[in-house]
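Here the protein sequences line up with chains E and R, keeping their order.
Using the working numbering, the final residue of the first sequence is 432, and nothing's skipped along the way.
Using the working numbering, the final residue of the second sequence is 1432, and nothing's skipped along the way.
Here is the structure we will look at, set down as C-alpha cells.
2 protein chains.
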Amino acid sequence: MKSSSIHIGLLGCGTVGAALVHLLTEQRDSVKHRTGLDLSIEAIVVNDINKERSIPLPNEVLTTDASSVIGNPEINLIVEVMGGIEPARELILGALNSGQPVVTANKELLAQHGAELYAAAEKSGVDLLFEAAVAGGIPVVRPLRESLSGEPITRIRGIINGTTNFILTRMTQDGVSFDEALLEAQELGYAELDSTYDVEGYDAGAKIAILATLAFGADVTSEDVQHEGISGITVEDIKFADRLGHCIKLVAVAEQIINQEGKSEIGVRVYPALIPFDHPLAAVNGSFNAVFVEGDAVGELMFYGPGAGGRPTASAVFGDVIDASGNLQRSHGSLIGALDRPLICPPESFESSFYLNLKVEDQPGVLARVAEVFENHGVSIQSMEQEGMASEARLTFITHSVHEKDLLHTLESLKSLDVVSNVDSVLRVVGD
Amino acid sequence: MKSSSIHIGLLGCGTVGAALVHLLTEQRDSVKHRTGLDLSIEAIVVNDINKERSIPLPNEVLTTDASSVIGNPEINLIVEVMGGIEPARELILGALNSGQPVVTANKELLAQHGAELYAAAEKSGVDLLFEAAVAGGIPVVRPLRESLSGEPITRIRGIINGTTNFILTRMTQDGVSFDEALLEAQELGYAELDSTYDVEGYDAGAKIAILATLAFGADVTSEDVQHEGISGITVEDIKFADRLGHCIKLVAVAEQIINQEGKSEIGVRVYPALIPFDHPLAAVNGSFNAVFVEGDAVGELMFYGPGAGGRPTASAVFGDVIDASGNLQRSHGSLIGALDRPLICPPESFESSFYLNLKVEDQPGVLARVAEVFENHGVSIQSMEQEGMASEARLTFITHSVHEKDLLHTLESLKSLDVVSNVDSVLRVVGD
C-alpha cells in the first residue's frame, strides 16, 4: 500500500487534545500499516505556550498563532478541540472555506451554529466530522449520518449526560441525597462547580439538538430544546419508582410528531423520567451513556458506551481524523486494505472464568476432596453452592479466571474421583 | 441541491430484497430531497420470473440474466441479497472488477472469501459495503470500519444469533426445554428445519469471523472459528446460573492474545456462557442481537438492535446503498445537505405516560375522589400504590399515555382538592 502523509493542525490541547496526541503517537505505525496514512501533528495552537502539559510536546509544534494553520496549504486537516463558540466558529469556517477538512468535538458550537457550518462544508466539498461532539466515545453520529441515512427515524432517546447519570446512579444504588451525590461528582471532577449546565439539562439539550438535526435532516438548535433538570428528584421518588418496577434517569428526547393540522413537528426535550427495569436504557449506569434510536424499518437500536473522558473522546476524534484523511487520498475502495493471515490461538491457550456443575455423593468430606482437586491444579474458586438430593448432592462452582488447559486437567481429575458421580455442565463465564 | 440518478441492479428478491424494494420506493422522495440522490431499481435478477412475490414488481424489471447488470455501464450500483457462495462470489467480483460498487448482505461469502473481495474492491477503488451481513439492522460494521479504525480493539463479544437467543430466552423466562423451544422457533419461522447451522454456532461463527477481520485487520475466516453449541444446555443449568447471579447466552468472541513467545494471536470462538445480570449483554433477549466492543482507548461500547428480519436488514442495506451512491457522486461535504428550520412542538402537544406521587389525608373515600379527578380528565391509571403515614397517606400512580395538556389540567384539579395535601412529584415514564 502506498503511503500518504497527512499533516494535522490541532486547535486546543486540553484533556481531549492531549489524549489525542498520545493516541496518535502510539498508533501511528499501526494506522500507517493498515491504511497507508502517515498522520502527524505539525502544529498545536494554544493560548499559552509555557503552560505545563501532561504530555511531552516539542516546543516548535506549539504556537499561539491560529493563522499559521488555517488556510495553510501545508496543513491537510484541522482538528478543533478548544471548545466554546468564538474563535472556534470563525476558525472552522476559515478552514472549511479554504478547503481544509475539519474534525471537531465542539457540541455547543454545533448545537448553536451547526447549519452554518454544515453548509460551509457542503459548499467547499470537504469533510466536517464531529463524532466526539455528542456522546464521547460512542460511535452514534456516523451511524446516524450514514448507516441510517435512509431510515425513517421516529424518535431518539438518550442518556447523554454523565454527571446527572452518575448522581442518579449514586442516589439509586446507595441512597445518598441529590446534594451529597452532586458534591461527590464535583470532588471527583465529573461535575463543574457551577453545575447548572449539567444538572438542569443544558448539556444533554445541546447534544440532543445535534442528534435531532441528524435524524430529521432539519436545523434544530439548542434554543429549541425544552428543559427540566434533576435537582428536584429525591431518594423517595427513586424508591417509589423502584417499587413500581422503574428507575429514574435524565432522558433527552427528539421525536417527530404529526400535529392536528397534519403537519410534521419536531419535539426536542430533556427531562427526568421513569424507565421500566426491562428497558435497555435502564441498564445504563454511572458515567456511561446510551442513545436509543427508533425507526420505522429498523425497529429499535441502542448505542452504549463511555459518554465522556479524555481517552474515549480522543478515540472518537481519531476515527474521524482517519476517515477525513482517507477521503483526502483515495477514491474509495474497501477501506480494509490488504489482509494478512493471523496466528490463530490454539483452544488451550485461552483464559476464562468457568461454571461447573457436579453430581457428587452426599457424604462428609466430599467438598474438601473436590476443593483439593481444584487447588492442585491452581484453579481458585470464586463462588460455590451445594444442594442435597437424597443420597447425592450437587455442587456448582464459579472459578476465577484460569488457563483453559488447567481447567481441562482439573476436569480429568474430578472425573476420576470416586465421590464425583458426574460432571453435568462446564460453561464459560463472561467476566472482565 | 442538484439531483443525480443512481440505477441499481438487484441480485435476488427474497425477504430482504422485497423489503428493500418496498423501503426504497417509500423513501425515494425523502432521500432525493435530503441527499440529491434519485435511487431507482432498474433490474432484479431472479431464478424464476414467474414466482409469486409479496410485492408488486413491473415484469420488465425482472430478469434471469445476471450478465445484463454486471458490468453494464447503465447500472451504477449492484446490491446482492441472493445469498450462498456461487454464483454470488463470481458476480460480485465481476461487478467490482468492472468498477461497479457493491452492497451485499452475504455473511457466508464474506466469512469464507472476504479477503479476495476486499482486495478486488481496493484494486478497483470502488465501495464494497456489507452492513447487513453481520447483525441485521444494527449498524456495527461501519462504526468498526470507520469510527474505530484507529482504536486498538482488544476484544469483541457478540450475541449475534437470533435463533439461539430466542431459544435460551424462552428456556430462561418460561422454563421450557431446549427441544420444545427449538420446535417453537421452527414453527415461528425463526429456525430452519435443519437447525445445526444456528444451534451449533456456525451462523454466529461466520459473523464473528467478519467482525474479527474488521477489528484486527487480518484475514480471519469461518474455518478459524472454534464452535460449541447450545444443544447441551438444560433448564437446570439456567436455574443454577440464575442463583449465582447469571444468565446463559450463546456468545461469539474475537480477541487478540499475546502468546508465550510474545506474538499476537487471534482467538475466534462461539460458546454458551454465563453472563452476570449487571453486564449490558445480559439484557439482550429474544431475537435481539448485540455486539460488545472493548478497546484500549475507548473502553467499552455496545451496539444493540434487531439481528434479523426483512425490514431491519433492508434498512442496513439501504444505508449502504445511499452511502455508496453518495460516494459515486460527490467529493465529500457535510453529508447533511441544506437544512430547513422545522416546526417545533409546543410543550402541551406531547403524549406520555406519567408517574404522580401525592400526599393525601388518610380518610375513607380519598382514593375514590382522587380517581374521579383522573377520570374526569380522561386520564387512565396503569398502576397504583397506597402507603399510610399517621394521619396522612401517600398515593403513587403510573398513568397510561395521555396528552400532556390533559395531565396539566388533572394536576390543577388535584391540587384544588381539599383531601390532597401536596403533589410531591410528577415525572414522565419512558414507555413504548
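Think of the CB as a built atom: it goes at the ideal place given N, C-alpha and C, for glycine as much as any other residue.
Quick caveat, the model's predicted, so the values are computed rather than measured.
Below 8 Å on the Cβ atoms is my guess for Thr154 of chain E versus Asp296 of chain E; work out the distance and round it to an integer in Å. The count along the first sequence starts at 1 and reaches residue 154 of chain E at position 154. The count along the first sequence starts at 1 and reaches residue 296 of chain E at position 296. About 6 Å; that satisfies the 8 Å criterion.
Taking 7 Å as the line, does the beta carbon of Gly1326 of chain R fall inside it for any heavy atom of the ligand ATP? Looking at this structure, you won't find the ligand ATP or any other ligand, since it has none at all.
Strictly under 8 Å for the Cβ-Cβ distance: is Asn1357 of chain R near chain E by that measure? Sequence index remark: in the second sequence, residue 1357 of chain R carries index 357 (1-based). For Asn1357 of chain R, the answer is yes, since a Cβ of chain E falls inside 8 Å of its Cβ.
Closest to Thr163 of chain E by CA distance: which of E:Pro152, E:Asp198, E:Met171 is it? Counting from one through the first sequence, the residue named residue 163 of chain E turns up at place 163. When each option's Cα is compared against that of Thr163 of chain E, the closest is E:Asp198.
Identify whether Gly150 of chain E lies in helix, strand or coil by the three-state DSSP scheme. For this step, residue 150 of chain E is matched to residue 150 along the first sequence. Correct three-state label for Gly150 of chain E: coil.
Within 8 Å (strictly less), CB to CB, does Asn1259 of chain R reach chain E? Here residue 1259 of chain R refers to the residue found at position 259 when the second sequence is read from its first residue. For Asn1259 of chain R, the answer is yes, since a Cβ of chain E falls inside 8 Å of its Cβ.
When we look at the beta-carbon of Asp224 of chain E and count the other beta-carbons within 10 Å, is it buried (16 or more) or exposed? What you label residue 224 of chain E is simply residue 224 of the first sequence in a count that begins at 1. Label assigned to Asp224 of chain E: buried.
Exposed or buried, Ala390 of chain E, counting other C-beta atoms within 10 Å across all chains shown (16 or more means buried)? Stepping through the first sequence from its first residue, residue 390 of chain E is reached at position 390. So Ala390 of chain E counts as exposed.
Chain E residues whose Cβ lies nearer than 8 Å to that of Gln1226 of chain R: Position 226 of the second sequence, counted from the start, is the residue given in the question as residue 1226 of chain R. What Gln1226 of chain R touches in chain E: Pro347.
What would DSSP say about His227 of chain E, mapped onto helix, strand or coil? Residue 227 of chain E sits at position 227 when you count from the first residue of the first sequence. It is a strand residue.
Using only the alpha-carbon positions, how far apart do Pro1139 of chain R and Asn50 of chain E sit? Start at 1 with the first residue of the second sequence, and residue 1139 of chain R comes out as number 139. Start at 1 with the first residue of the first sequence, and residue 50 of chain E comes out as number 50. The alpha-carbon atoms of Pro1139 of chain R and Asn50 of chain E are separated by roughly 44 Å.
Note down, in chain order, all residues in the stretch 1046-1080 of chain R with a beta-carbon under 7 Å from any beta-carbon belonging to chain E. none
Per the DSSP calculation, Ser352 of chain E is bridged to which residue(s)? Residue mapping note: residue 352 of chain E aligns to position 352 of the first sequence, counting from 1. Paired residues: E:Val402.
CB of Ile1322 of chain R within 8 Å of CB of Leu1144 of chain R, strictly: Sequence index remark: in the second sequence, residue 1322 of chain R carries index 322 (1-based). Sequence index remark: in the second sequence, residue 1144 of chain R carries index 144 (1-based). No, the Cβ-Cβ distance between Ile1322 of chain R and Leu1144 of chain R is not below 8 Å.
Compare the C-alpha of Gly125 of chain E against each of E:Val102, E:Ala185, E:Val46 and name the closest. Your numbering for residue 125 of chain E matches position 125 in the first sequence. With distances taken between Cα atoms, Gly125 of chain E lies closest to E:Val102.
Could you tell me whether the Cβ of Arg1170 of chain R comes closer than 8 Å to any Cβ of chain E? Locating residue 1170 of chain R in the second sequence gives position 170, counting from the first residue. False, the Cβ-Cβ gap to chain E never drops below 8 Å.
Using a C-beta to C-beta distance shorter than 7 Å, which residues of chain R count as neighbours of Val31 of chain E? If you number the first sequence from 1, residue 31 of chain E lands on position 31. Here the neighbours are Gly1150.
Buried versus exposed, by CB contacts within 10 Å (16 or more), Lys1249 of chain R: Position 249 of the second sequence holds residue 1249 of chain R. Classification of Lys1249 of chain R: buried, given that the 10 Å Cβ count is 16 or more.
Given that a residue counts as buried once 16 or more other Cβ atoms are within 10 Å of its Cβ, and exposed if not, what is Gln1100 of chain R? To locate residue 1100 of chain R, count along the second sequence from 1; it is residue 100. Gln1100 of chain R comes out buried.
Per DSSP, the bridge partner or partners of Ile92 of chain E: Locating residue 92 of chain E in the first sequence gives position 92, counting from the first residue. Partner(s): none; Ile92 of chain E has no beta bridge.
In chain order, what residues of the same chain have a beta carbon less than 7 Å from the beta carbon of Leu109 of chain E, not counting five sequence neighbours either side? Counting from one through the first sequence, the residue named residue 109 of chain E turns up at place 109. For Leu109 of chain E, where only same-chain residues beyond five positions count, the Cβ hits under 7 Å are Ile85, Ala88, Arg89.
Are the stretch 1009-1022 of chain R and the stretch 1312-1319 of chain R touching, with three or more C-beta to C-beta distances below 8 Å? yes
CB-CB under 7 Å to Val220 of chain E, same chain, minus the five flanking residues each way: which ones, in chain order? Taking the first sequence and counting its residues from 1, the one referred to as residue 220 of chain E is at position 220. Excluding residues within five positions, the ones whose Cβ falls inside 7 Å are Ala209, Ala212, Thr213, Ile266, Val268.
Helix, strand or coil for Arg1428 of chain R? Go by DSSP, reduced to three states. Taking the second sequence and counting its residues from 1, one reaches residue 1428 of chain R at position 428. Strand at Arg1428 of chain R.
Can you list, in chain order, the residues of its chain whose CB lies under 7 Å from that of Glu1185 of chain R, leaving out five sequence neighbours each side? As a first step, residue 1185 of chain R is located in the second sequence; it is residue number 185 there, counting from the start. The identity of residue 1185 of chain R in the sequence shown is Ala, whereas the question assumes Glu. Same-chain partners within the cutoff: Thr1163, Phe1166, Ile1167, Ala1191.
Distance between beta carbons of Ala1115 of chain R and Val1091 of chain R, contact taken as under 8 Å: The count along the second sequence starts at 1 and reaches residue 1091 of chain R at position 91. The count along the second sequence starts at 1 and reaches residue 1115 of chain R at position 115. First, the amino acid is wrong: residue 1091 of chain R is Leu here, not Val. With a Cβ gap of about 18 Å, Leu1091 of chain R and Ala1115 of chain R do not count as contacting.
According to DSSP, is Arg1243 of chain R part of a helix, a strand, or is it coil? Along the second sequence, one-based indexing puts residue 1243 of chain R at 243. In this structure, Arg1243 of chain R counts as helix in the three-state DSSP scheme.
Over what stretch of residues does the beta strand (DSSP E) that includes Ser1222 of chain R continue unbroken? Looking up residue 1222 of chain R in the second sequence gives position 222. No beta strand (DSSP E) contains Ser1222 of chain R, which DSSP labels as neither H nor E.
Beta-ladder partner(s) of Glu1385 of chain R, from DSSP: Taking the second sequence and counting its residues from 1, the one referred to as residue 1385 of chain R is at position 385. DSSP output for Glu1385 of chain R lists R:Thr1396 as bridge partner(s).
Kindly indicate which three-state DSSP category Ser1334 of chain R falls into: helix, strand or coil? As a working note, residue 1334 of chain R is residue 334 in the second sequence. Here Ser1334 of chain R scores only 49 on pLDDT, less than 50, and its place in the model is too uncertain to base an answer on.
Comparing the C-beta of Ile208 of chain E with each C-beta of chain R, is any distance below 8 Å? As a working note, residue 208 of chain E is residue 208 in the first sequence. No - not a single Cβ of chain R is within 8 Å of the one on Ile208 of chain E.
Does Met1389 of chain R have its Cβ less than 8 Å from a Cβ in chain E? Here residue 1389 of chain R refers to the residue found at position 389 of the second sequence. So, not an interface residue.
Name the one or two DSSP bridge partners that Met1302 of chain R has. Position 302 of the second sequence, counted from the first residue, corresponds to residue 1302 of chain R. Partner(s): E:Tyr304, R:Phe1292.
So which residues of chain E does Ser994 of chain R contact, with C-beta pairs closer than 8 Å? The requested residue 994 of chain R does not occur in the structure, where chain R is confined to residues 1001 to 1432.
Pick out whichever of R:Arg1142, R:Glu1151, R:Ser1149 has its Cα sitting closest to the Cα of Ser149 of chain E. Here residue 149 of chain E corresponds to residue number 149 of the first sequence, with the count starting at 1. Ranking R:Arg1142, R:Glu1151, R:Ser1149 by Cα distance to Ser149 of chain E puts R:Arg1142 first.
Backbone CA spacing between Leu129 of chain E and Ser1068 of chain R [nearest angstrom]: Counting from one through the first sequence, the residue named residue 129 of chain E turns up at place 129. Counting from one through the second sequence, the residue named residue 1068 of chain R turns up at place 68. If you take the alpha carbons of Leu129 of chain E and Ser1068 of chain R, they lie about 39 Å apart.
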